[in-house]
Amino acid sequence: MKKRHVAIGETIFQVVDEGSGPPILFVHGFPLDHSMWRYQLESFSRHNRVICPDLPGFGQSKTGNSPLSMRSIAENLAQLLDAIAVDEPIVFCGLSMGGYVGWQFWKHHRSKLARLVACNTRAANDSPEVARGRRIAAQSVQKTGNRPVADAMIEKLFYRFDDPAKQHMVDSVDRVIMSTDSDSIARGQIGMAQRPDATRWLESMDLPVLFVVGEHDVITTPEEMKQNATLVPRSRYLAIKNAGHLSPLEQPDEFNRGLREFLDEVA
Ligand code: MLT
């Protein structure tokens, strides 16, 4: 895949930019990088321009010390699209933290959007207890390093993470988490803890929105995602079998089929 480096403010993005056709922006979850979308990049780059950055501070994208809010990431992405000359509205496809950024992108850059895909993500913000837990986690990762984060996350990211058939995939995600900058993990936690509630925006979403979830997702549950889908006027809802939180990676064929059908639907 063709990767480029693009400077936006204090961030130097590493971004996959491949293919031509209607553009799709793939935005990864926390604390991951572009590689979680590998099967989508391979498949959709045949008919679309696929743009897939490592978010500021994650993967190979370096950034400065400013807070990593969901809003600031959305702003950076809007600037990135301008910088790489994406001059038509995009499909924004964000998973989990990438979805939190997606709500902000809709709120502040609606004219750059054709469709939104909310994968394994929540619209609600954190309860006070969850936000408190994130602040504690942000402090501890600085002292303990990433191992406890990786262990705790791996169990929740996959459906049946201990299935030997999944070892290769689990190991690759583990390697990504372990090589993520600890400071970015801490700042990402704070940014997510401070995000606003996007539920109130759902009924005014004036574009097609696909909600995709793994049937066994314990982080962003099917019940909650289905409920959110009922609030958006032009929504579709897809629950992927035998998948947890990383549905595009765990079940790429079914995920890609669902996404392609959604893209081919007349708006
Ligand atoms: C993610 O996958 O991006 C995280 O699970 C999001 C979160 O911690 O809320």
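Per our numbering, the very first residue in the sequence shown carries number 6; after that it's consecutive.
Yeah, the Cβ is synthetic: ideal placement off N, Cα and C, and Gly gets one too.
Exercise for review: Note down the Cα distance separating E266 from Y242, rounded to an integer number of angstroms.
Suggested key: Looking up residue 266 in the sequence shown gives position 261. Looking up residue 242 in the sequence shown gives position 237. The alpha-carbon atoms of E266 and Y242 are separated by roughly 12 Å.
Any idea if H221 is buried or exposed, counting beta-carbon neighbours within 10 angstroms, 16 or more meaning buried? To locate residue 221, count along the sequence shown from 1; it is residue 216. With 16 or more other Cβ atoms within 10 Å, it is buried.
Coarse secondary structure for K67, derived from DSSP in three states:
The count along the sequence shown starts at 1 and reaches residue 67 at position 62. Note: K67 maps to strand in three-state DSSP.
_Buried or exposed for D269, going by 16 or more other Cβ atoms inside 10 Å?_
Position 264 of the sequence shown, counted from the start, is the residue given in the question as residue 269. Classification for D269: exposed.
Taking all protein chains shown into account, decide if M183 is buried (16 or more other Cβ within 10 angstroms of its Cβ) or exposed.
Translated into positions along the sequence shown, residue 183 becomes position 178. Exposed: under 16 other Cβ atoms inside 10 Å.
Do S71 and F18 have their CB atoms nearer than 8 Å? Reading the sequence shown from its first residue, position 66 is the one you call residue 71. Reading the sequence shown from its first residue, position 13 is the one you call residue 18. No, the Cβ-Cβ distance between S71 and F18 is not below 8 Å.
Which same chain residues end up closer than 7 Å to R127 when comparing Cβ atoms and leaving out the 5 residues on each side of it in sequence? Taking the first residue of the sequence shown as 1, we reach residue 127 at position 122. Result list for R127: T225 and E229, in chain order.
Where E134 sits in the DSSP three-state scheme
Locating residue 134 in the sequence shown gives position 129, where the first residue counts as 1. DSSP places E134 in helix when its eight states are reduced to three.
Using a Cβ distance threshold of 8 Å, determine whether the segment 136–145 contacts the segment 104–122, with at least three qualifying pairs required. no
Note to self: Just verifying my parser: in three-state terms, what is the DSSP assignment at V20?
What the structure shows: Position 15 of the sequence shown holds residue 20. Three-state DSSP puts V20 in a strand.
DSSP three-state assignment for S48, whether helix, strand or coil: As a working note, residue 48 is residue 43 in the sequence shown. Of the three classes helix, strand and coil, the one that applies to S48 here is helix, per DSSP.
- Nearest-angstrom beta carbon gap, V218 and N130 [assumed within contact, 8 Å]: Mapped onto the sequence shown, residue 130 falls at position 125. Mapped onto the sequence shown, residue 218 falls at position 213. Not quite, the Cβ-Cβ distance comes to about 19 Å (not below 8 Å), so this is no contact.
**Prompt:** Using a Cβ-Cβ cut-off of 7 Å (strictly less than) and excluding sequence neighbours within five positions of K231, which residues of its own chain qualify?
**Reply:** For this step, residue 231 is matched to residue 226 along the sequence shown. Excluding residues within five positions, the ones whose Cβ falls inside 7 Å are Y242.
- Out of S132, S116 and S209, point me to the one whose CA is closest to V91's CA. Within the sequence shown, the letter at position 86 stands for residue 91. Minimum Cα distance to V91 is reached at S116.
Could you tell me whether any Cβ in chain C is nearer than 8 Å to the Cβ of Q65?
In the structure shown, chain C cannot be found, because there is only a single protein chain.
Original post:
Where does G219 sit, in a helix, a strand or coil, going by DSSP?
Top reply: Here the question's residue 219 lines up with position 214 in the sequence shown. Three-state DSSP puts G219 in a strand.
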